[in-house]
Amino acid sequence: MKVLVAVKRVVDYNVKVRAKADGSDVDLNNVKMSINPFCEIAVEEAVRLKEAGVATEVIAVSIGDKACQEQIRTALALGADRGIQVETEGAVEPLVVAKLLKGVVEKEEPQLVILGKQSIDGDNNQTGQMLGALAGMPQGTFASVVKVDGDRVQVTREVDGGLQTVSLTLPAIVTTDLRLNEPRYASLPNIMKAKKKQLDVYTPADLGVEVTKHLTLVKVEPPAERQAGIKVESVDELVDKLKNEAKVI
Amino acid sequence: MTALAEEQLSALAAIVGADRVLDGPAGAEQYGRDWTRAHVPAPCAVVLPGSIAEVQSVVRYARRAGLAIVPSGGRTGLSAGAVAARGELVLVLDRLNGIDDFSPVDRTVRCGAGVVTAELQAYAEAKGLFYPVDFASAGSSQVGGNVATNAGGIKVIRHGMTRDWVVGVKLVTGTGELLDLNRGLIKNNAGYDLRHLVIGSEGTLGVIVEVTVSLADPPGDLAVMVLGVPDLGAIMDVLHCARGRLELHAFEFFSEEALARVVEHQELQRPFDTAAPFYALLEFAQPDEAALEAAMAVFEETVEQGWVLDGCVSQSVAQAQSLWRLREDISETISRWTPYKNDISTRVSDVPGFLAEVDAVVSEHYPDFQIIWFGHIGDGNVHLNVLKPDELPMDEFQARCGEVSRWVFEIVQRHGGSVSAEHGVGLLKKEYLSYSRSETEIELMRGIKRVFDPDGIMNPGKIFDL
Ligand SMILES: Cc1cc2nc3c(=O)[nH]c(=O)nc-3n(C[C@H](O)[C@H](O)[C@H](O)COP(=O)(O)OP(=O)(O)OC[C@H]3O[C@@H](n4cnc5c(N)ncnc54)[C@H](O)[C@@H]3O)c2cc1C
Ligand SMILES: Cc1cc2nc3c(=O)[nH]c(=O)nc-3n(C[C@H](O)[C@H](O)[C@H](O)COP(=O)(O)OP(=O)(O)OC[C@H]3O[C@@H](n4cnc5c(N)ncnc54)[C@H](O)[C@@H]3O)c2cc1C
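Line by line, the protein sequences are chains W and L. Per the working numbering, the first sequence runs over residues 1 to 249. Per the working numbering, the second sequence runs over residues 250 to 715.
This is the structure in structure tokens:
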């Protein structure tokens, strides 16, 4: 069984991002970039399926400029077998990403496509679902357990107030939630091996997709600064403030 | 608590204000000791002056009244330096907590002695700069305390100790005089540099009231690599190989015994499956692909030489932090075995021989003692930990560890090492000072103390007896 995993290059989760002075976007100058944490979980899940003898090949695909090859190499170091980059410039909207992924799906015909439920930069939570619609594949989103069983995959989903388990016919789409697994560290020997793994580069035209823009970013602004806390001298003062200033009691 | 006479209390209250003089057990408990627990706090009182002038007045008063003073910072010290167990007056620096006079051209900033280390770090960050002295207690320790102990930490291999960042110190001596030492100058060869005597003096020369520190460029992107090595000698080879090729910010080590316990108790992931007797943790600057290439080259070469068995490298800041936890969580993890601890140093190249000798002597006498090694090996600084066997009573364990200390310090002495790498001497290591300092040196230190503090009121009984 072939598994396709989508990986995105995003600003590192631990970086304190700043808005550009003119508010036009987030300032990504000299900022540490990493693999999107949910994509990392997707790679780990695919590699585990391979280690369990379920998957035969894991392909990591990323859409972006040349720099995203770094994240493909990370996926290869974690255990993916080969990589695909679809070369694009600038920010690409979820719909375009979904169309490009559909192009790759048609080329590779994977039985399972695993994506992160969202990327931590745009927080869109759309790509997996759009790909499902475009490719006509069933989807199991927010997965915390994935079990492949014959020609079906069982996905336990993290939904409001509990867990829901769905059973999908393959080929299918899974998007990962945080608790699906804990990704491994990239071992240095595997990073070295990853350099020799195949990495193909396609253009959107190769996949028959036109990159279009539907959204305009109007403004980016930082959240309001939090007010410093205060210390009160007595319980009475606290009660008084809660009653008369905060008006919560 | 040894009580002060009413008029003594009111004399102190006249200086600092009545509510800034604490003479009850709560104040003693809170301010009368540091992180160590071997001594019961018994100060005569606690004072919290709010200005340099008030500190001077308190010191002058104490001198007249024949009271000894214990300067008290963040009380995170690990050598019983900020301990008042003999009726001393505790002088708390908490209220001298202003940060001001930032100079972007000089890249310096002035701190009250009571500024918390983490606040200084945050201040520097807000200015686009970096205060590089960092350790686990930075959220509580104070800049004055850091200077008084010449604190080190995890970035020493890259940035040095506190000493390297202090460009000015104001000190109130044992006579109440205010010295303004070095005043932020980079070059100042006009006579002895008294500032460097004050740094690391553990409160025995006077009260540090203000510190001017210089700030560094922010470190940029750092990556963490963990390597499994077959023996300690190999760690030295790895260090030698990595230096010059990587901009190292930290070079730490820990043993498999340490790793196994951290992984189990903190529910962390092992760095890789291969088990090795020791691990090296390297933090290095990774501004670009070339730096990662250099790290890979170091890995390849050290594997080829048989110095490294396996390794991994962080792919994100989150992974770098998780890998650091393998090292930083050791202390907390092993605290459940109430370990005997010792912070010692030798020359970097001497560490493997030193460790082997300590291992040999401890396991010969006490084969059931489990030794856990970790530390800043790139600085020659190792932390020896001996876990208490469950069935051994505490007092028996402590008695045996007393013996262990003597053997360890004898080995330190043979290697020309230091009985205290970064935590100072305080009360904890006073009786062992002569294992690293000659009688002549200690006599000179006494002489220096007499010059700064003729009546011996500043933290008496710490480091050495007069
Ligand atoms: C979890 C933990 C981790 C630690 N890690 C490290 C580490 O990695 N590296 C390291 O070097 N240390 C470490 N320490 C030890 C300790 O944090 C440092 O020694 C620190 O510099 C002490 O600062 P403090 O303000 O808490 O000083 P205190 O404990 O209050 O005092 C220490 C000594 O300095 C004197 N003193 C304090 N303030 C003044 C002043 N204003 N004027 C004159 N004398 C003064 C005191 O009398 C005492 O002798 C650690 C401690 C803990 C608890
Ligand atoms: C052309 C020229 C350029 C210079 N440029 C610089 C410069 O750029 N920067 C700079 O800092 N200096 C400079 N100097 C000054 C001088 O070279 C330095 O101060 C140098 O370090 C002095 O070394 P010396 O061996 O000549 O010492 P000496 O002149 O012999 O002695 C200097 C002092 O040190 C003492 N001393 C010497 N040896 C010992 C010892 N072994 N133990 C104890 N005390 C000792 C002496 O008693 C004396 O007090 C310059 C001098 C000249 C002539």
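Where is the CB? At the ideal position from N, CA and C, for every residue including glycine.
**Prompt:** Where do the ends of the alpha helix (DSSP H) carrying D240(W) lie?
**Reply:** Segment V235 to N244, the alpha helix (DSSP H) holding D240(W).
At a Cβ threshold of 8 Å, is K32(W) touching chain L?
-> A Cβ of chain L is located within less than 8 Å of the beta carbon of K32(W).
query: In whole angstroms, what separates the C-alpha of H489(L) from that of L217(W)?
result: Our two residues, H489(L) and L217(W), have alpha carbons roughly 51 Å apart in a direct line.
| request: Measure how close the beta-carbons of V475(L) and L541(L) come, nearest whole angstrom, since I'm counting them as under 8 Å. | output: Wrong, their Cβ atoms sit about 15 Å apart, outside the cutoff.
Would the C-beta of L327(L) count as close to ligand 1, meaning under 7 Å from any of its heavy atoms?
Result yes, Cβ under 7 Å from ligand 1.
Notebook entry, point to check: Less than 7 Å between the CB of H672(L) and some heavy atom of ligand 1, yes or no?
Noted result: Indeed, a heavy atom of ligand 1 lies less than 7 Å from the Cβ.
- Taking the beta strand (DSSP E) that Y202(W) falls in, what are its first and last residues? Note, Y202(W): beta strand (DSSP E), L199 to Y202.
* Asked: When the cut-off is 8 Å and only beta carbons count, does N14(W) lie next to chain L?
  -> Chain L, which has a Cβ nearer than 8 Å to the Cβ of N14(W), makes this yes.
| query | Enumerated in chain order, which unbroken segments of the alpha helix (DSSP H) with a length of 4 residues or greater are wholly contained in the stretch 301-333 of chain L? | reply | Here the runs fully enclosed are 301-314.
Exposure of T212(W), with buried meaning 16 or more beta-carbon neighbours within 10 Å: So T212(W) counts as exposed.
Nearest chain W C-beta to Q554(L) closer than 8 Å, yes or no? For Q554(L), the nearest beta carbon of chain W is not closer than 8 Å to its own beta carbon.
Taking C-alpha atoms, which residue in T461(L), L443(L), G555(L) and S386(L) lies nearest to G455(L)?
-> The shortest C-alpha to C-alpha distance from G455(L) to any of T461(L), L443(L), G555(L) and S386(L) is the one to L443(L).
Margin query: When you compare the CB positions of V597(L) and G555(L), do they come within less than 8 Å of one another, or not?
Written below: Not in contact: V597(L) and G555(L) (Cβ atoms no closer than 8 Å).
Practice problem: Tell me, please, whether the CB atom of A186(W) is closer than 8 Å to any CB atom in chain L? | Solution: By this cut-off, A186(W) is an interface position.
Helix, strand or coil for Y441(L) per DSSP?
Reduced to three states, the DSSP call for Y441(L) is coil.
What would DSSP say about A143(W), mapped onto helix, strand or coil? If DSSP states are grouped into helix, strand and coil, A143(W) belongs with the strands.
Worksheet item: For I448(L), is the beta carbon positioned less than 7 Å from some heavy atom of ligand 1?
Response: False, no ligand heavy atom lies under 7 Å from that Cβ.
key: C-alpha gap between I191(W) and R73(W), whole angstroms   = For I191(W) and R73(W), the distance between alpha carbons rounds to 8 Å.
Inset, instruction - Write down every uninterrupted run of the beta strand (DSSP E) in the stretch 590-646 of chain L whose length is 3 residues or greater and which is fully enclosed by it, in chain order. - result: The DSSP assignment places 619-625 and 630-636 as complete runs of the beta strand (DSSP E) inside the stretch 590-646 of chain L, in order along the chain (cut-off: 3 residues).
Please list the partners that I191(W) has in chain L, where partner means a Cβ-to-Cβ separation under 8 Å.
-> At a C-beta separation below 8 Å, I191(W) has these neighbours in chain L: M545 and V562.
Please decide whether A314(L) counts as near chain W, where near means a Cβ-Cβ distance under 8 Å. It does not: the Cβ of A314(L) has no partner Cβ on chain W nearer than 8 Å.
Name, please, each residue of chain W whose Cβ falls closer than 8 Å to the Cβ of V295(L). At a C-beta separation below 8 Å, V295(L) has no neighbours in chain W, since its nearest C-beta there lies roughly 20 Å away.
**Q.** Buried or exposed (CB count within 10 angstroms, at least 16 for buried), P222(W)
**A.** Counting Cβ neighbours within 10 Å, P222(W) comes out exposed, since fewer than 16 surround it.
- Hey, quick one: how far does the beta strand (DSSP E) through Q257(L) stretch, first residue to last? First-last for Q257(L): E255 to V265, but that is the alpha helix (DSSP H), not the beta strand (DSSP E).
If you reduce the DSSP assignment to three classes, tell me which class H288(L) lands in. H288(L) carries a coil assignment under DSSP once its states are collapsed to helix, strand and coil.
Please report how far the alpha carbon of M250(L) lies from the alpha carbon of L340(L), in whole angstroms.
Unreliable placement is indicated for M250(L), whose pLDDT of 49 sits below 50; no coordinate value is reported for it.
Give the range of the alpha helix (DSSP H) segment to which Q554(L) is assigned. Where Q554(L) is concerned, there is no enclosing alpha helix (DSSP H), given that its DSSP letter is neither H nor E.
Can you list, in chain order, the residues of its chain with a C-beta nearer than 6 Å to that of E671(L)? Leave out the 5 residues immediately preceding and following it.
If we look at E671(L) and ignore the five residues flanking it on each side, its Cβ neighbours are G401.
task = Say whether chain L places a C-beta atom closer than 8 Å to the C-beta of T176(W).
result = Chain L, which has no Cβ nearer than 8 Å to the Cβ of T176(W), makes this no.
message: How far does the alpha helix (DSSP H) with I59(W) in it extend, from its first residue to its last?
response: It is not in any alpha helix (DSSP H) - I59(W) instead sits in the beta strand (DSSP E) that spans E57 to G64.
Check: Hey, does I35(W) have any beta-carbon neighbour from chain L nearer than 8 Å?
Finding: At least one chain L Cβ lies under 8 Å of I35(W).
What's the call for G53(W), buried or exposed, on a 16-neighbour Cβ count within 10 Å? The residue in question, G53(W), is exposed, as its Cβ has fewer than 16 Cβ neighbours within 10 Å.
Contacting residues, own chain, Cβ-Cβ under 8 Å from P94(W) (five flanking each side not counted):
Excluding residues within five positions, the ones whose Cβ falls inside 8 Å are G122, N124, Q126, T127 and M130.
In chain order, what residues of the same chain lie with their CB nearer than 6 Å to the CB of P320(L), ignoring the 5 residues before and after it? Hits under 6 Å: L340, G452 and V456.
- Task: Establish whether the CB of F379(L) and some CB of chain W are separated by less than 8 Å.
- Result: By the rule that beta-carbons nearer than 8 Å mark a contact, F379(L) does not touch chain W.
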